[in-house]
Every structure is written in C-alpha cells, then in structure tokens.
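A.B. asks:
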Amino acid sequence: METSKAALLLAAIVCTTVSGSDIMESYAKTGGAWLTAINKRMYSTNTVEECAAKCDAETSFTCRSFMYVEKDQECWTAGANSKTETVLRRTSAALYEKQDFLLECVNGIGKNYRGTKSRTKSGKTCQRWNAKFPHKPNFTPDNEPKADLESNFCRNPDDDAGGPWCYTTDPDTRWEHCNVPSCTEDCIHCNGEDYRGKVSITESGVACQRWDSQEPHNHGYNPNTLPQKYLENNYCRNPDGDPKPWCFTTNPNKRWEFCSIPRCTSETPTVAPETTCATGEGSAYRGTIAVTESGKTCQSWSTQSPHQHNRSPENYACKGLDNNYCRNPDNERKPWCYTTDPDTRWEYCSVPTCGDAPGPDEPVIPTEEDDCYEGDGSSYRGVTSETISGKKCQAWASMSPHRHGKTPQQYPTADLRRNLCRNPDGDRAPWCYTTDPSVRWEFCNLEKCSSSPVESTPTTEPTTPENPSTQDPIQRDCKVGNGANYRGSTSITIMGVTCQAWSAQSPHQHNSFTPESHPDKGLDGNSCRNPDNDVNGPWCYTTDRNKKWDYCQIPDCAGATCGTPATKPKRCYGRIVGGCVAKAHSWPWQISLRTNSGIHFCGGTLIHPQWVLTAAHCLERSRRPSSYMVILGSHRERSLETSAQQRALEKLVLGPNGADIALLKLQRPAVINDKVLPACLPEKDYVVPSGTECYVTGWGETQGTGGEGVLKETGFPVIENKICNRPSYLNGRVKDHEMCAGNIDGGTDSCQGDSGGPLVCHAHNKFILQGVTSWGLGCANAMKPGVYARVSKFVDWIDRTIKAN
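Under mature numbering (1 follows the signal peptide of the UniProt record, and there is no 0), read the sequence shown as residues -20 to -1, 1 to 785, first letter to last.
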C-alpha cells in the first residue's frame, strides 16, 4: 500500500520534534560540576536543551556528557563522563551525563552497554580495542565506529548472545565474556546497601509504606534529606546498614520488616581493598587488630557465643568479617567487635587513623569567636555543616555520593574533619560537597565576620518559621534566603565592579536574562538580582570586559526572629565527656523552672513571649501554678545576672494522652531581647532524619565533669526509632511521639535537672525545637541514648492551647 506524502511529512515532524523535557530525560544532572575531558567542544547556546541537542548531534567524538553555564550561555560537549575523568568544582556550571553511559548493567545481550567494566569473568584485564598486542583484533574503533570501542571497556560489537566481552591481556586467552550484571535481575549484592530494584513487598507479603509518607508509621528516613539513599516510592532499601533491604509496612501493627530479595549470582561481591588503617568510619579497614579499646579480646564474627548476633559473614558478605578482627560492617562510628566477655556485648577498637586525617574520636570544641569567617575563610574552624541552600554537607573522608580529591590526607592542614564547612583550596568562602547526588558542592551558610547585621527593632510579637518577620524584605537592602525576591538598589559586585544594565548587550552579550525574557524578576536598571534562583545569591553582568558576571555582597536580613540568637552558640559536639560550658546567653530560649522558693529543678523552652514548653513529669509535685516560677535570660543557676527575668505562672496545661510534655503560661510576657528569644517550632509531624546533629542544654547533674552552676551544652546525633528500639538499645520502649538522640557508646547526655529542657537542631540558619528532654536509662550510658518528646507531634496542640488561652 502506498503511503501518502502528507503521512510521510507528518511522520517526519513527529520524529524530529522533541520537547525540551523529553530530550533532558536521558541525562543525569549534577550542579556545580566540571569535567576535565580531553575531547570536548564549545558552543554558544541559549538553553540547556539546545546544548543537549549539540551533544546528541556531535560527530567529532562519542558525546557522553556536556557542561552548560547558563549565565555565560556556554555549552561544552565531552567525550567522557564522571566514571572515566576527574570532576572539578565550578560555580554555576552543571554537568549533564547520558544515563546510558552511567549504567553498569546490561539490558538483553548488552548491545548498548556503555559502562566501564574492564575485566572478564575469570578476572583477566581487558585489552584496549585500538591495541594490536597481545591479540590482533577483528573489531576496532575504526571499523566499528558506532560500537563505542574506546579504552578497554567491555562491549558487544557483534551481537554475541553471551553479552559484552573483550580481548584479554593474557596471551593465552584471546577473548572472554565479561561479568556485567543484568539491569532486570532483581537481586542484592553484599547486604543490599546499593540495591535499586523495585521489590516493594516484605517477607510476610505486606505492602511497603512509601518513604515520603509518615502514615501509618512515622520515621526519620526522609527522601528529601537523605537523597544519597535513593528512597524512591515504596521500594525496599537498606539505608542504615541492616543485613538486607527492608521497608516500613502499610500494616499499622507492623512497623517494619525485611524484604525477600535473592542474592545475585551474576557477579561475585566486591571486596573492599585491604587497608590496615581507618579512613573516615573505617568501613574499609582490613587489618588484624582483635582487641577492644579496654583490652578485651574480640569474639569471632562466625560464632554466637558468648553473644548472639546477626553481624555474621553470611549476612555481611562484603565486610571482611574474618576471624575475630575489628571491623565496621554496619556504618558505626569506627571499627568494633563483639567481645569474649559475657558482661560486655561489644566495644570499639583502637584502629590507627590513615595519614594525618582527624580521627573520629577527636572532639569538636569550637573557638569562642562567632561562627563567621575572615578573608576567604581558609582559617575557618567553626562547626557549620549546612550549605547556603540548606543541604547537608558530605563528610570529607567519604566518596559518596561525590568522588573527589579534597581528602584529609591530601590537605592535612585544612582540618577536614567530619562534614564541617572548610576552604581547603582557597576559594572565595568556606564550602563543602553536598549529600545530594544532583548537587556536587555549594558554599556554606556563613557570613564574613566583618559583616554588620542589619538593624531591626525587637518585637514581642510571636514569630514562626513561616512568618519570620513582618517587615517586607523587598523594601530593605538585604536578602532573605538566596535573594530570589531581592529588589534592593545595590549595583556593585563583590569585587567592587559596577553592574551592566540587564537590558544592555555591552560589554557582554547575553540572551538568557533580560527584562523581556524575565519580566517578573526586577531586571530594570543594573541592580543585582537573582533571576535564575542561584543558591549563592544575587549577581549581575559586569562592566568589566574581562569578567562577564559576578556575585554581589548582599547582607542577610536580620531581625528578632525565633531561633536566631544574637550570641552564636559554640555548638560543642562529639565525644566530649559531659559537654561544654555554653557561651553566656547563646541559647536564649533556655529557661529555669524553679520552686516558688527559687530552687532550680527542671528546664524548659520559651516558644512564645508568654509560653514555655517543658516536660509533664516536671510538674508532678504540684498542679498549682503558684508552686512554680520561671527564670529567663540567666546564664548562672544561682547568682542571677541583671539580664534575668523572673515570671510567675498563670496556667499549667498538661500534654494530650498522658504524653510527657506540658505548656506553662507566664503571668506576663517576657521581654524579647538579645538574651531572651523564643526557639522556632518545627513543621507538624516532621521527623528529624537519623544522624542529624542536635544540641541539649541545661544546668543538670554533671556527674563530676565540671561546669556546675552555669549553663552547659552538648551535641550528638539523632537516632532513628527503628534503631533505638533494637533489643540491645532501648528494646521497644520508645513510642512514635518520642525520639532518641545521643552517642551510642555514651559519654554525653542530658541528665537529672535537664528534664523539660530543649533539644534543638540547626536548619536553614535557625535553631528549631525538636525535642523536650523526657527520660533515659541512666545518664550517658553506652547504648542507652536519651529519649525526648517529639515536638512536631504536638504542634497542633500547642497552637490550639495558646489561641484558647
């Protein structure tokens, strides 16, 4: 049957018209990344979609990725990707990689396999396709230009039914198939921490709960805050180092359960390279130390006596659980082992740290200076670990999700400990790699020490995270967040160069950002703006012919908002026994709950000028408001400063359903100033992600560690309830409306006298009240973290109570 010319024309239109979103679906984006590829070409394009089209049409080489700089309208196509070349940091650049070239598995017979496997099934190294020794190949890059026969990667140029293969470097073996797993084979390697399949049913046949849902079970494994864990939909995953993938279930009576996923047979488990010292958490340590820190002999991993456990070589196939050597199979703080002492289940081991890297036991005791930086921040040694857009920093010793060369070993004087913001390479400010796989790095949420805060009038009106200030930031010459709504008059870059008008095309031509293309972005005149939502803030094209664009120095809008103390806290964190003495008035929401005779016995948190949140068990001695008083604005427990404010109580309101939380109404509002300020309340039902750094404060029992009579602080990580309820920890005692935080091996904790006090976590440049100190099994005992009332579960109750009274 003859096809009409009209039909052919329609078909041609359908085939050649590809929407921008469709063409970008085949690429994986990483912001702030630049590839050091030898084969690359530069084009000028108006959009990222045009750049993608250039990559698809590249004829000079096989285009595996491209880089696009939107502000410069520069498009660089490249014949490599992050699997084969070094990735560098570059401001405002984004790396787009063809996903086909990132796959390390095959579909069908692997005709289109473009991964980087270069060993055969028997472990032989592949010969390069363009080499003639030791074997003269029949398939070469010249005679098979579309087969991607580059380097020595396994390929399938002849449609072999056995899948990808290669010529080998063994003179006695001409060629051999490669051990490339199937993309459709739903199985796990090791303990399934890298499992990305789509099984979503538990071992007993119950459907999994979506990871982004808090119903029917609340949890701290939020996909938005743990992007490196790939917590997609309701698929089984292993984000916490368990023996195999699991999920929360849709059964309200069964919180979580393992999933039934077979072990892969197509590829032997990858064993970590042997190291005799610890880097980071020491997961790659394969030395022979078999004694704990206290001198106890380690129990063999393959035995169940004297301690029964599931950290067996069978459950953790790739973790090197040989004999009784110290190992870290489950993402603990450092290598450990079960002990042969029946009274001591497990202990950490003293494994030497590789090179000059800071060890995990080194405490972080910040200096007395504010958390700001001088110059370019190369000397910054503060404790901020959050980027300007609110992303959590990746640990410097970690290679996940981003591989890099800025390690503690390579930069021994840069203090690259944990995931703290630093500037090891002399950039313009402290920065870090992020835990978001799609954003390689960002500058940190820090200001220069010389920056003077914007003056503002203190207010006694309640503030909330949603309404931090009643003054419109558009009318002030300062920015909120990344300054996307900034409409101030500053028109000079950070280097002092005058900005080019947005409507001008001289000295720099540009089409991406003009008053016509972005009419709602305030691009009239030459004032600094942020039309592309750059996380680093407002910028402009410059009048310097040698510098196309640059950022502007716009201060953050300050004000008497919740959770932003005038005196920044030390944020003492880590294995510091008993915590640190706090800087005076650096936790201005901390109150002292006292008997009417003035004796301190509990803590509390100011959340509103006239309301304090505390623990219900602090009020057991009396239900009469007249039995108590509250002291605000004091650093010392007994000799009160002139800044102290004393308030009698008007009302006590106990929490719902017997929860250990209560509200105290003051007879008259507190005066809000730089020494008395409310903490922010969290979003309703928000669950703090596991591992988040949080802080407790109080005048409680110090057990001889010093600092009696003055406010102390200590920081430690949040522990997900799933872990905290394990038999060896708190054995199912922790309820959904409670949360755990502490060091698993003890040392720091809240204690008697701290009850009712705050557990605050730092996020988006403010401190948010996430917990009320409730109970614990002793103080600072190993494997017995503190338990706190989860404030996010009571936000509606708090709001109703305040409005009704």
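Each residue gets a CB set at the ideal place from its N, CA and C atoms; glycine is no exception. Please read all numbers here as calculations on a predicted model, not as lab measurements.
Skipping 5 residues on each side, what residues in its chain have a beta carbon closer than 7 Å to that of residue 68?
C.D. replies: Position 88 of the sequence shown holds residue 68. Only 14 and 16 meet the Cβ criterion.
A.B. asks: Per DSSP, residue 529 is paired with what?
C.D. replies: Taking the sequence shown and counting its residues from 1, one reaches residue 529 at position 549. Paired residue(s): 521.
A.B. asks: Which class does residue 28 belong to by DSSP, given the choice of helix, strand or coil?
C.D. replies: In the sequence shown, the residue the question calls residue 28 occupies position 48. Looking at residue 28 - three-state DSSP - the assignment turns out to be helix.
A.B. asks: Tell me whether residue 741, by its Cβ, gets closer than 6 Å to a heavy atom of the ligand GTP.
C.D. replies: Annotation note on the ligand GTP: not contained in the displayed structure, which lists no ligands.
A.B. asks: I'd like to know if the region 612 to 626 and the region 566 to 583 are in contact, where contact means that at least 3 CB-CB pairs between them fall below 8 Å.
C.D. replies: They touch, by the three-pair rule.
A.B. asks: Just mark residue 22 as buried or exposed, buried being the case when its beta carbon has 16 or more other beta carbons within 10 Å.
C.D. replies: Position 42 of the sequence shown holds residue 22. Residue 22 is exposed by the Cβ-count criterion.
A.B. asks: Just checking, does the region 98 to 108 make contact with the region 156 to 169 on the three C-beta pairs under 8 Å criterion?
C.D. replies: Yes, the region 98 to 108 is in contact with the region 156 to 169.
A.B. asks: I want to know whether the region 305 to 325 touches the region 350 to 363 - three or more CB-CB distances under 8 Å.
C.D. replies: As far as the Cβ criterion goes, the region 305 to 325 does not touch the region 350 to 363, which means the pair count is below three.
A.B. asks: Relative to the C-alpha of residue 182, which candidate in 224, 152 and 55 has its C-alpha closest?
C.D. replies: Counting from 1 along the sequence shown, the entry for residue 182 is found at position 202. Answer by Cα proximity: 224.
A.B. asks: Helix, strand or coil: which one does DSSP assign to residue 338?
C.D. replies: Position 358 of the sequence shown, counted from the first residue, corresponds to residue 338. A caution first: residue 338 carries a pLDDT of 49, below 50, which makes its placement in the model unreliable, though a value can still be read off. The answer is coil: DSSP assigns residue 338 none of H, G, I, E or B.
A.B. asks: Need the endpoints of the alpha helix (DSSP H) that residue 704 sits in, please.
C.D. replies: Translated into positions along the sequence shown, residue 704 becomes position 724. Looking at the DSSP string, the run of the alpha helix (DSSP H) that includes residue 704 is 701 to 704.
A.B. asks: Quick check on residue 777: does DSSP put it in helix, strand or coil?
C.D. replies: What you label residue 777 is simply residue 797 of the sequence shown in a count that begins at 1. It is helical.
A.B. asks: Helix, strand or coil for residue 33 per DSSP?
C.D. replies: Numbered from its first residue, the sequence shown carries residue 33 at position 53. Note: residue 33 maps to helix in three-state DSSP.
A.B. asks: How about residue 141 and residue 135: are their beta carbons less than 7 Å apart?
C.D. replies: For this step, residue 141 is matched to residue 161 along the sequence shown. For this step, residue 135 is matched to residue 155 along the sequence shown. No, Cβ-Cβ distance for residue 141 and residue 135 is not below 7 Å.
A.B. asks: Go through its chain and collect everything with a Cβ distance to residue 293's Cβ below 7 Å, but skip five positions before and after it.
C.D. replies: For this step, residue 293 is matched to residue 313 along the sequence shown. Only 281, 282 and 301 meet the Cβ criterion.
A.B. asks: Note down the Cα distance separating residue 398 from residue 377, rounded to an integer number of angstroms.
C.D. replies: Stepping through the sequence shown from its first residue, residue 398 is reached at position 418. Stepping through the sequence shown from its first residue, residue 377 is reached at position 397. About 7 Å.
A.B. asks: How close, in whole Å, do the beta carbons of residue 463 and residue 518 come, if the pair is a contact with beta carbons under 8 Å?
C.D. replies: Numbered from its first residue, the sequence shown carries residue 463 at position 483. Numbered from its first residue, the sequence shown carries residue 518 at position 538. Sure, about 4 Å apart at Cβ, within 8 Å.
A.B. asks: Report yes if the CB atom of residue 699 is closer than 7 Å to the CB atom of residue 720, and no otherwise.
C.D. replies: What you label residue 699 is simply residue 719 of the sequence shown in a count that begins at 1. What you label residue 720 is simply residue 740 of the sequence shown in a count that begins at 1. In this structure, residue 720 lies closer than 7 Å to residue 699 by Cβ.
A.B. asks: Just the C-alpha distance for residue 801 and residue 420, rounded to the nearest angstrom, thanks.
C.D. replies: Absent from the model: residue 801. The displayed extent of the chain is -20 to 785, so no value can be given.
A.B. asks: Would you call the CB atoms of residue 358 and residue 403 closer than 7 Å?
C.D. replies: One-based indexing of the sequence shown puts residue 358 at position 378. One-based indexing of the sequence shown puts residue 403 at position 423. Cβ distance < 7 Å, so residue 358 and residue 403 count as in contact.
A.B. asks: By the three-class DSSP mapping on this structure, what secondary structure does residue 58 have?
C.D. replies: Here residue 58 refers to the residue found at position 78 of the sequence shown. Residue 58: strand per DSSP, three-state reduction.
A.B. asks: For the region 229 to 240 and the region 169 to 183, state whether three or more C-beta atom pairs, one from each stretch, are separated by less than 8 Å.
C.D. replies: Yes, they touch.
A.B. asks: Which residues bound the beta strand (DSSP E) around residue 288?
C.D. replies: Taking the first residue of the sequence shown as position 1, residue 288 is located at position 308. Element bounds for residue 288: n/a, residue is neither H nor E.
A.B. asks: Residues in its own chain within less than 7 Å of residue 631 by CB, not counting five upstream and five downstream?
C.D. replies: Looking up residue 631 in the sequence shown gives position 651. The residues are 605, 645 and 785.
A.B. asks: To the nearest angstrom, how far is it from the Cα of residue 264 to the Cα of residue 649?
C.D. replies: Position 284 of the sequence shown holds residue 264. Position 669 of the sequence shown holds residue 649. Approximately 56 Å, taken between the alpha carbons.
A.B. asks: Which stretch, first to last residue, makes up the beta strand (DSSP E) that contains residue 750?
C.D. replies: As a first step, residue 750 is located in the sequence shown; it is residue number 770 there, counting from the start. Residue 750 -> beta strand (DSSP E) spans 746 to 755.
A.B. asks: List the residues that DSSP assigns as beta-bridge partners of residue 719.
C.D. replies: For the purposes of this step, residue 719 is taken as the residue at position 739 of the sequence shown. In DSSP, residue 719 forms a bridge with 768.
A.B. asks: Could you work out which residue in 381, 108 and 270 is closest to residue 328 when comparing CA atoms only?
C.D. replies: Within the sequence shown, numbered from 1, the residue matching residue 328 stands at position 348. The shortest C-alpha separation from residue 328 is found at 270.
A.B. asks: Within 10 Å of its beta-carbon, does residue 374 have 16 or more other beta-carbons around it, so buried, or fewer, so exposed?
C.D. replies: Taking the sequence shown and counting its residues from 1, one reaches residue 374 at position 394. Looking at its Cβ environment, which holds 16 or more other Cβ atoms inside 10 Å, residue 374 is buried.
A.B. asks: From the DSSP output, read off the bridge partner residues of residue 676.
C.D. replies: By 1-based counting over the sequence shown, the position of residue 676 is 696. Paired residues: 694 and 739.
A.B. asks: For residue 565, which residues in the same chain have their Cβ closer than 8 Å to its Cβ, ignoring the five residues on either side in sequence?
C.D. replies: Your numbering for residue 565 matches position 585 in the sequence shown. 545, 546, 547, 613, 615, 623, 654 and 655.
A.B. asks: Return helix, strand or coil for residue 199, following the three-state DSSP convention.
C.D. replies: Taking the first residue of the sequence shown as position 1, residue 199 is located at position 219. It is coil, neither helix nor strand.
A.B. asks: Could you give the uninterrupted runs of the beta strand (DSSP E) lying entirely in the region 597 to 673, keeping only those of 3 residues or more?
C.D. replies: Entirely contained in the region 597 to 673, the beta strand (DSSP E) runs reaching 3 residues are, in chain order, 608 to 612, 625 to 634 and 642 to 646.
A.B. asks: Specify the secondary structure class of residue 81 as computed by DSSP and reduced to three states.
C.D. replies: By one-based count along the sequence shown, residue 81 stands at place 101. Residue 81: helix per DSSP, three-state reduction.
A.B. asks: By the three-class DSSP mapping on this structure, what secondary structure does residue 249 have?
C.D. replies: Residue mapping note: residue 249 aligns to position 269 of the sequence shown, counting from 1. Low confidence applies here, because residue 249 scores a pLDDT of 48, under 50, leaving its location unreliable; read the following figure in that light. Residue state, collapsed to three classes: coil.
A.B. asks: Can you list, in chain order, the residues of its chain with a C-beta nearer than 7 Å to that of residue 502? Leave out the 5 residues immediately preceding and following it.
C.D. replies: On the sequence shown, residue 502 is found 522 positions in, with the first residue counted as 1. So the list reads 467 and 509, once near-sequence residues are dropped.
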